[in-house]
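If you read the sequence shown in the working numbering, its first letter stands for residue 1, the second for the next number, and so on.
What follows is one structure encoded as structure tokens, with my remarks underneath.
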Amino acid sequence: MADSMPLVLDHGEPMSPAPTQSLITLRGVAKTYRTAFGGEVHALAGVDLAIGEGEFVCVVGPSGCGKSTLLRLLAGLDDCEEGTLSLDGTTVTGPSSDVGVVFQAANLLPWLTVRENIRLPLRVGGRHRPAEARIDDLLGIAGLRDFGERYPYELSGGMQQRAGICRALVRDPRILLMDEPFGALDALTRERMNSELQRIWQVSGKTVLLITHSISEAIFLADRVVVMSARPGRILRELAVPIPRPRSFDTIVSSPAYPALAREIRALLNAEGDAT
Ligand code: ADP
């Protein structure tokens, strides 16, 4: 996917044409929150973004610039008052089975086993054979084959988050939206989870939009890194990551493209007032 994209798209200049087969399209999206005291928070303004099927896109930006808002709009969990969001040409009007969402906390229900937690979105009672086969596949993909009958408290934070990813994938969505999914994990576990996610993405062929504060995580995972401005958030720059896959943290940091990409993203974020 990265091969077909220009290295840099600067939204301050005329945009290159969007990929012809965009699965996710945002045009002129704006979002303003009304606060309890009658004030307004302009979270997003004029967001244009196109993501192709099977692409892995990471979004970075200063805290409070509207990244989570963007993800909530795409997930159909909130409405925007300006612009359009569409998935495969259909305007987003609410949650869709085509979209799975993963948040920072796995939020597994503690009284259910891992398998029962993953089964929840299917809304099938008892042991429905096709569903169980799918859950077995997902447990295998996520390296949790022996943990389906365990309870969340018996799992590490990284394993719980992998179970959360399985739950998001159980309805076989085309799109996975992830909001800082590994933000609460220690650095080493986070690197392992990045490798796991890369593998899961490569096996599953999903389209992924992932929000992160970590520049190295963004470069490791993404075909394209999207940098947002300070609030009201808009897309400042899109940078393709021309590093071959599968990637490892050892190989990306020694890749010739890595330092320049990291420097550019850091400079953009610093200019927007973020010390990430
Ligand atoms: P980010 O994910 O980039 O940190 P958010 O999308 O969470 O940013 O929030 C963008 C801005 O909108 C922030 O200033 C936040 O305080 C504000 N905001 C988010 N949700 C609400 C809400 N429900 N009501 C009022 N303001 C909100």
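Glycine residues also receive a C-beta, built at the ideal position from the N, C-alpha and C atoms.
These numbers come from a predicted model, not from an experiment.
Query, Result
"Sequence-distant residues of its chain with Cβ nearer than 8 Å to Ala267 (five each side left out)", "none"
"Where Cys166 falls: helix, strand or coil (DSSP)", "helix"
"Proximity test, Lys206 beta-carbon vs the ligand ADP heavy atom, cut-off 6 Å", "no"
"Contained alpha helix (DSSP H) runs [length at least 4] in the stretch 41–72, N- to C-terminal order", "none"
"Val230 versus Asp98, Ile24, Val60, residue with shortest Cα-Cα distance", "At residue 230 the sequence reads Ala, which differs from the Val that was named. Measuring from the Cα of Ala230, the nearest candidate turns out to be Val60."
"Spatial distance of Val47 from Gln198 (CA atoms)", "27 Å"
"Beta-carbon proximity check, Ala222 vs Phe56, cutoff 7 Å", "yes"
"Sequence-distant residues of its chain with Cβ nearer than 8 Å to Leu185 (five each side left out)", "Gly157, Gly158, Gln161, Met193"
"Beta bridge counterpart(s) of Met159 as assigned by DSSP", "Paired residues: none, contrary to the question."
"Secondary structure of Ala267, DSSP reduced to three states", "helix"
"Ser204 - DSSP class collapsed to helix/strand/coil", "helix"
"Burial state of Glu81, where buried means 16 or more other Cβ atoms lie within 10 Å", "exposed"
"Lining residues of the ligand ADP - beta-carbon closer than 5 Å to any non-hydrogen atom, in sequence order", "Tyr33, Val41, Ala43, Ser63, Gly64, Cys65, Gly66, Lys67, Ser68, Thr69"
"Those residues which DSSP pairs with Val29 across a bridge", "Val47"
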